[in-house]
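Colleague:
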Amino acid sequence: MTQDVSAPPQSGALTRRAVPAVVVVAGAVAGFAVAKGHDESETGPGANAAGGGGASGGTQLATLDQVPAGGGVVLDKAGIVLTRDDAGNVHGFSAICTHQGCTVSDVTDGTINCPCHGSKFDAATGAPVAGPAGSPLPPVDVTVRDNAVFTAPAGGGGGGGGGASSGQLATLDQVPAGGGVVLDKAGIVLTRDDAGNVHGFSAICTHQGCTVSDVTDGTINCPCHGSKFDAATGAPVAGPAKKPLPAVDVTVRDNAVFPS
Numbered sequence: 041m042t043q044d045v046s047a048p049p050q051s052g053a054l055t056r057r058a059v060p061a062v063v064v065v066a067g068a069v070a071g072f073a074v075a076k077g078h079d080e081s082e083t084g085p086g087a088n089a090a091g092g093g094g095a096s097g098g099t100q101l102a103t104l105d106q107v108p109a110g111g112g113v114v115l116d117k118a119g120i121v122l123t124r125d126d127a128g129n130v131h132g133f134s135a136i137c138t139h140q141g142c143t144v145s146d147v148t149d150g151t152i153n154c155p156c157h158g159s160k161f162d163a164a165t166g167a168p169v170a171g172p173a174g175s176p177l178p179p180v181d182v183t184v185r186d187n188a189v190f191t192a193p194a195g196g197g198g199g200g201g202g203g204a205s206s207g208q209l210a211t212l213d214q215v216p217a218g219g220g221v222v223l224d225k226a227g228i229v230l231t232r233d234d235a236g237n238v239h240g241f242s243a244i245c246t247h248q249g250c251t252v253s254d255v256t257d258g259t260i261n262c263p264c265h266g267s268k269f270d271a272a273t274g275a276p277v278a279g280p281a282k283k284p285l286p287a288v289d290v291t292v293r294d295n296a297v298f299p300s
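If you read the sequence shown in our numbering, its first letter stands for residue 41, the second for the next number, and so on.
1) Using 8 Å for Cβ pairs, my map puts VAL255 next to THR291. What's the rounded Cβ distance?
2) Please report the distance separating the alpha-carbon of PRO286 from that of GLY128.
3) Give me the Cβ distance between GLY227 and VAL180, rounded to the nearest whole Å; I'm assuming they're in contact under 8 Å.
4) What does the Cβ neighbour count give for ALA135, buried or exposed, with the cut at 16 atoms within 10 Å?
5) For the beta strand (DSSP E) containing GLY103, name the first residue and the last one.
6) Could you say which of PHE190, THR211, ALA272 and ALA278 lies nearest to GLN100 if we only look at CA atoms?
7) I need the straight-line Cα distance from ALA170 to ALA275, nearest angstrom please.
8) Between CYS137, VAL113 and LYS117, which has its C-alpha nearest GLN248's C-alpha?
9) Put ASP213 into one of helix, strand or coil per three-state DSSP.
10) Quick check on ASP294: buried or exposed, where buried means 16 or more other Cβ atoms within 10 Å of its Cβ?
11) Within 10 Å of its beta-carbon, does GLY111 have 16 or more other beta-carbons around it, so buried, or fewer, so exposed?
12) Based on Cα-Cα distance, which residue from ILE260, PRO176 and ALA118 lies nearest to SER300?
13) Are the CB atoms of THR251 and ALA281 within a distance shorter than 7 Å?
14) Just to confirm the assignment, what range does the beta strand (DSSP E) spanning LYS268 have?
15) Starting from LEU122, follow the beta strand (DSSP E) in both directions and report where the run begins and ends.
16) To which residues does DSSP link VAL290 through a beta bridge?
17) Look at the Cβ atom of VAL277, then the Cβ atom of LYS268, and state whether they are nearer than 7 Å.
18) Per DSSP, ASN153 is paired with what?
19) Could you give the C-beta distance for THR151 and ALA163, rounded to a whole number, given that I count them as a contact under 8 Å?
20) Measuring alpha carbon to alpha carbon, tell me which of ALA243, PHE241 and GLY218 ends up nearest ALA235.
21) Using beta-carbon positions only, say whether PHE133 and LEU177 come within less than 7 Å of one another.
22) Starting from the C-beta of THR259, find all residues in its chain whose C-beta is less than 8 Å away, skip the five residues before and the five after it, and write them out in chain order.
23) Tell me the rounded alpha-carbon separation between VAL147 and VAL113.
24) Strictly by DSSP, which residues pair up with SER134?
25) Does the Cβ of ASN187 have 16 or more other Cβ atoms within 10 Å, making it buried, or fewer, making it exposed?
26) How close, in whole Å, do the beta carbons of VAL215 and LEU223 come, if the pair is a contact with beta carbons under 8 Å?
Here's what the structure looks like:
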């Protein structure tokens, strides 16, 4: 989704490796697919089972009830998958398979599963355990408090994003006009076109799961095999990638970018 900087809207979108430079996902989670889940809290790829959260801040991704013990939930719009292990720890990962960029479908029997080519990832670590994927799912930092899962409070992070309050991904100054910023820990890339619209996309290349490196000359660029994606639409325009970067809904208000 895109947001016109000149007229900040009230709603937006998005996701994060839990955010240092970002926060992942859509506000109370719009649309998610449930699998078998697990319980408890934690910060970082896995959130502490005690459930207590750190300082307030971050965007609510789901309630603990939506992350079943021993299973998980796929937050399609946020591009995040949350899992809950037997000890009650909640873990967050990018929901984009590192094989060819499909979105994972569910969490069952201790694995996060991709429906496209059979790749499976360990539900507690994100490591590939079956199928063609060779790289782990990027972790997304999350925290648990008040019986809900949130993106971790904003901090510094990849490429320079990082907000201070409730789910902020970056300030507008950090998303240069005609360019963009890669929020490594959030797994998101933000771009800003010449008309002032801010766009959000997954930062995971749909070719073989590398993280894109930068935004230059109107394209989002992958350093691994030369894939390039249109900075305004996410469509592949050069290199081996054939699928577009999944869009991440964002909104702009108070001169900052937030997940919708």
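Ideal placement from N, C-alpha and C gives every residue a C-beta, glycine not left out.
Modeller: Looking at the coordinates:
1) Translated into positions along the sequence shown, residue 255 becomes position 215. Translated into positions along the sequence shown, residue 291 becomes position 251. In fact, because the Cβ distance is near 20 Å, the residues do not count as touching under 8 Å.
2) Start at 1 with the first residue of the sequence shown, and residue 286 comes out as number 246. Start at 1 with the first residue of the sequence shown, and residue 128 comes out as number 88. So the two alpha carbons sit approximately 30 Å from each other.
3) Locating residue 227 in the sequence shown gives position 187, where the first residue counts as 1. Locating residue 180 in the sequence shown gives position 140, where the first residue counts as 1. That pair is a contact at about 6 Å.
4) Residue numbering aside, residue 135 sits at position 95 when the sequence shown is read from its first letter. Result: buried.
5) One-based indexing of the sequence shown puts residue 103 at position 63. Reading off the sequence, residue 103 comes out as Thr, not Gly. Its beta strand (DSSP E) spans residues 100-103.
6) In the sequence shown, the residue the question calls residue 100 occupies position 60. Looking from the CA of GLN100, the closest CA among PHE190, THR211, ALA272 and ALA278 belongs to PHE190.
7) Here residue 170 is taken as the residue at index 130 of the sequence shown, counted from 1. Here residue 275 is taken as the residue at index 235 of the sequence shown, counted from 1. The alpha-carbon atoms of ALA170 and ALA275 are separated by roughly 29 Å.
8) Numbered from its first residue, the sequence shown carries residue 248 at position 208. Minimum Cα distance to GLN248 is reached at CYS137.
9) Mapped onto the sequence shown, residue 213 falls at position 173. In the structure shown, ASP213 sits in a helix (DSSP, three-state: H, G or I).
10) On the sequence shown, position 254 is the one that residue 294 refers to. The residue in question, ASP294, is exposed, as its Cβ has fewer than 16 Cβ neighbours within 10 Å.
11) Locating residue 111 in the sequence shown gives position 71, where the first residue counts as 1. Buried is the label assigned to GLY111, since at least 16 other Cβ atoms lie within 10 Å of its Cβ.
12) As a first step, residue 300 must be located in the sequence shown, where it is residue number 260. From the listed residues ILE260, PRO176 and ALA118, the smallest Cα separation to SER300 is found for ALA118.
13) Stepping through the sequence shown from its first residue, residue 281 is reached at position 241. Stepping through the sequence shown from its first residue, residue 251 is reached at position 211. At a Cβ-Cβ threshold of 7 Å, ALA281 and THR251 do not count as neighbours.
14) Numbered from its first residue, the sequence shown carries residue 268 at position 228. Residues 268-270.
15) By 1-based counting over the sequence shown, the position of residue 122 is 82. Per DSSP, LEU122 belongs to the beta strand (DSSP E) from 120-124.
16) The sequence position of residue 290 within the sequence shown is 250, counting from 1. Answer is PRO299, bridged to VAL290.
17) Counting from 1 along the sequence shown, the entry for residue 277 is found at position 237. Counting from 1 along the sequence shown, the entry for residue 268 is found at position 228. Here VAL277 is near LYS268, since their CB atoms are less than 7 Å apart.
18) Here residue 153 is taken as the residue at index 113 of the sequence shown, counted from 1. Residue pairing by DSSP places ASN153 opposite ASP146 and LYS160 in a beta bridge.
19) To locate residue 151, count along the sequence shown from 1; it is residue 111. To locate residue 163, count along the sequence shown from 1; it is residue 123. Confirmed, about 6 Å.
20) Here the question's residue 235 lines up with position 195 in the sequence shown. Nearest C-alpha to ALA235: GLY218.
21) Position 93 of the sequence shown, counting from 1, holds the residue named residue 133. Position 137 of the sequence shown, counting from 1, holds the residue named residue 177. Yes, these two residues count as a Cβ contact at 7 Å.
22) Taking the first residue of the sequence shown as 1, we reach residue 259 at position 219. The answer, listed in chain order, is LYS268, PHE269, ASP270, ALA271, VAL277 and ALA278.
23) Locating residue 147 in the sequence shown gives position 107, counting from the first residue. Locating residue 113 in the sequence shown gives position 73, counting from the first residue. For VAL147 and VAL113, the distance between alpha carbons rounds to 7 Å.
24) Numbered from 1 along the sequence shown, position 94 holds the residue referred to as residue 134. Secondary-structure assignment with DSSP links SER134 through a beta bridge to ILE120.
25) Here residue 187 refers to the residue found at position 147 of the sequence shown. Burial state of ASN187 is exposed, judged by a 10 Å Cβ sphere holding fewer than 16 other Cβ atoms.
26) Start at 1 with the first residue of the sequence shown, and residue 215 comes out as number 175. Start at 1 with the first residue of the sequence shown, and residue 223 comes out as number 183. Contact between VAL215 and LEU223 does not hold, since the beta-carbon distance rounds to 10 Å and is not under 8 Å.
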